[in-house]
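> I'd like to ask you about the structure that follows.
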Amino acid sequence: MRCSTKEWINMSLSTVFGLVLKSADYQRTQVSFSIISMLLLPMAIFASFYSFKNHRYMFKRLAACLYFLLAITVLVVIEVVITCVSYEKVSVIYHHPKNSTFSYGYCFYAGWTVFLVYLVTAALFLAYSRKRKGDKALDDEDMDDEHIMGR
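Below, the structure is given as structure tokens:
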């Protein structure tokens, strides 16, 4: 089956635009999760400083959960970057011509470093968030009051 020049151009344009749209979807996902992580970061920092001020275990666990969420969002961004690059290598020829070399830059490795830092921070907040009672309490708020039963 032969295609006319006009049909061939229309098919190739729809293919190119389809590939570009899929690549744009990957880039929108990267931007969306980057914005989510930038919104989570001030909340995690605030929870961290608040847990240093008030030594309650629930504030430390809240900070740990926020840092775990941050680590997950950064990991999602990194994985989408990897998927987008591998997709463009195979499908979008004009981004990566044959016999060209590709390597990830310093920002990619900095992203992995940020992921590991958030993961370690979350693990530390979680490890030091145990409940302290009695003599081990850090301040008067943590100590259990003596309960008087009856009158």
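Last residue of the sequence shown: 272 in my numbering, with the numbers rising by one and none dropped. The beta carbon of each residue, even a glycine, is placed where N, CA and C say it ideally should be. Keep in mind the model is a prediction, meaning the values are calculated, not measured.
(1) Would you kindly report the start and end of the unbroken alpha helix (DSSP H) that includes Y230?
(2) I think I199 touches G226, with their Cβ atoms under 8 Å apart; what is that distance to the nearest whole Å?
(3) May I ask which residues mark the beginning and end of the alpha helix (DSSP H) holding K219?
(4) May I ask you to verify whether the segment 203–214 touches the segment 158–174, counting CB pairs closer than 8 Å and requiring at least 3?
(5) How should V172 be labelled, buried or exposed, when 16 other C-beta atoms within 10 angstroms of its C-beta is the threshold for buried?
(6) Looking at the secondary structure, which residues open and close the alpha helix (DSSP H) in which R182 lies?
(7) For R149, does the three-state DSSP call read helix, strand or coil?
(8) Three or more beta-carbon pairs under 8 Å between the segment 234–250 and the segment 176–187, yes or no?
(9) Should A168 be labelled buried (16 or more other beta-carbon atoms within 10 Å of its own) or exposed?
(10) Please classify S239: is it buried, with 16 or more other beta-carbons within 10 angstroms of its beta-carbon, or exposed?
(11) Whole angstroms are fine: how far does the CA of S221 sit from the CA of C186?
(12) If you count every other CB in all the chains shown that lies within 10 Å of the CB of A192, and 16 or more means buried, which is it?
(13) Quick check on the burial criterion: 16 or more other C-beta atoms within 10 angstroms. Buried or exposed for V152?
(14) With a Cβ-Cβ cutoff of 8 Å, do A243 and F154 count as a contact?
Answer, in terms of the structure:
(1) 227–248
(2) About 13 Å; that fails the 8 Å criterion.
(3) From DSSP, K219 is part of no alpha helix (DSSP H); its letter is neither H nor E.
(4) no
(5) Per the sequence presented here, residue 172 reads as Ser, with Val not at that position. That one is buried.
(6) 178–212
(7) helix
(8) yes
(9) buried
(10) Inspection of the sequence shows that residue 239 is occupied by Tyr rather than by Ser. With 16 or more Cβ atoms within 10 Å of its Cβ, Y239 is classed as buried.
(11) 42 Å
(12) buried
(13) exposed
(14) no
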